[in-house]
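Take a look at the structure below.
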Amino acid sequence: MIDQLCARLPQTGCDIAELAGILLRFCRDHAEAVRAAHDSAAAAALLHREEHAASVWFRNEVDDDRLDPLELAAIATRLRRISATAEIDLDATVAAVVAARAVATGLDDALGYRFAGLFRRRGKTRLREGDPCPVVRPDWPVLLKGNLGTHPARRGYPLSELLWLRLTPPLHRGHQIDLECTWSDPLARFDRHSRIGVAIPWAGLEALDFTLDPASPQPSFSVRLRDSDQRWPVIEGLLRQAAEQGIDVLVLPELSVDADWVDRAEQWLQAHPQSPSVVVLGSFHDQRQGRRRNICTTLAPGSRLHEHYKFNAFEWRPPDPATGAETVYREDIATTPATITIHLGRHWSLTTLICKDFIEPGVDHLLEELRVGLVLIPACSETTEPFLHNASRLASNAQAVVVVANLTAINPQNPASALVARPARFRVCRQHPRADLQPPVLVPLAPFDD
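Residue numbering for the sequence shown follows our numbering, beginning at 717 and increasing consecutively.
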């Protein structure tokens, strides 16, 4: 079995993240052996000893992020030696897994802090199942002090993850994962004293102009902001309030802005140095490459970080004025490809999703496995219970901060207009019900306060 592991090592060299991925995939492919190793006192003692020895070796012998053939040959020799020692007491497969895990953990301990830098130099990476993905970690004990919940690493065997790197999980339902890294990190100063704001500009759906197409094979609708030329001053006023109140991250709801406002908002941020570091500018319907999309633009002063295209259309059931009967209309947007983009900073990773994207089955699992630290969600929903459930679960399981900005009217379901979840021991999720707010309104959130 150790021969199969060593055969996976490239002959011409690889970088340190690629090596970690190779070792983790071997462990993932033999998950039962990983569990057996953790159940064995002899294996646990050998793991502890060899992890430390591997860490010392990597720290002293490896100067570059790329490993040459001679260094890989030395690593193969180390793997064989550990496996041979383990086979005295263990099955050959378990012994090979002990060797792989010991070297992977030693590499992560010594050089794992450099994994993210490798990906930053690549700029943009499309992650496939089993690819290594770097993890950046906020200093949660400092951020939440005594209110930090249980660390996810304490909840089970580490089958396919390290402290600084994880394997991309299986991608179902057509999801794609893009990892984007830029040297300008808008969240570089996002710390315990930082504040998030949710800006609710409109009272409900009466601000929207729906165009119905009942004659299409699937009745559909498109939507845009009503009287948009007259509404920009409201958005500008909310941006100004956010700057004056020291908001670091600002999120607006789904369908709350017009396509023409992206340029205006970008210019406003550039002209006001004290403006938020990140602005999630709601969303709007517009054309991209000849296809109608529901588009969310994420801005930072001086740059457009990303455009996210919604991949889970919502359904609207307006009653017929004459009969009261409801017809199901589907949002007229393209939903493929279903791409989730993760921005990798120095201490925070960030993604933006639109409304139902966040509650689509499998998405929360992807975000949890890849340890996305900040999830920002513009929404337009009459109920927020599904968002509350997924946000609380993700915050607790993956140590994430999740923010929802929701455009909704007051209704019997008592939806929230603003919601924040964080990995706290107490009060994981905080909600601001729509019934308590009078739009236009800026809702300041302090995610790290007790």
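Just so you know, even glycine gets a beta-carbon here, dropped at the ideal spot from N, CA and C. Just so it is clear, the structure is predicted and the values come from calculations on it, not from any experiment.
Leucine 662 versus Ile732, Arg1138, Leu786, residue with shortest Cα-Cα distance: Given a span of 717 to 1166 for the chain in the structure shown, any question on residue 662 remains unanswerable.
N- and C-terminal bounds of the beta strand (DSSP E) containing alanine 1137: 1132-1137
Residue nearest to tryptophan 918 in terms of C-alpha spacing, selected from Leu954, Val750, Phe774, Ala987: Leu954
Endpoints, the beta strand (DSSP E) within which glycine 913 is located: 912-916
CA-to-CA distance, tryptophan 856 to glutamate 1084, given in whole angstroms: 16 Å
Rounded straight-line distance, which links the Cα of alanine 736 to that of cysteine 849: 10 Å
Environment of glutamine 990 [buried if 16+ CB atoms lie within 10 Å]: exposed
Alpha-carbon to alpha-carbon, arginine 1109 and lysine 1072: 16 Å
Through-space distance from leucine 783 to alanine 820, alpha-carbon basis: 14 Å
Spatially closest choice to leucine 971 from Pro1034, Pro902, Ile1070, by CA coordinates: Ile1070
Glutamine 1147 classed as buried or exposed, judged by whether at least 16 other C-beta atoms fall within 10 angstroms: buried
Beta-carbon contacts of aspartate 976 that lie in its chain and below 8 Å, excluding the five residues immediately before and after: Ser944
Touching by the beta-carbon criterion (3+ pairs, under 8 Å), the stretch 770-788 and the stretch 799-807: no
CB of phenylalanine 1103 within 8 Å of CB of tryptophan 1032, strictly: no
Tryptophan 984 (DSSP reduced to helix, strand or coil): helix
For leucine 1015: DSSP bridge partner residues: Val995, Arg1020
Sub-8 Å separation of glycine 729 and leucine 795 beta-carbons: no
Contact check, alanine 826 vs serine 771, beta carbons under 8 Å: yes
Proximity of leucine 966 and arginine 908 at Cβ, strictly below 8 Å: no
Nearest-angstrom Cα separation, counted from glutamate 1101 out to valine 939: 24 Å
Aspartate 925 to valine 1159 span [Cα, whole Å]: 25 Å
Among Arg980, Asp1036, Tyr1045, nearest to phenylalanine 1030 - alpha-carbon criterion: Tyr1045
The stretch 754-764 touching the stretch 811-820, judged by at least three CB pairs closer than 8 Å: yes
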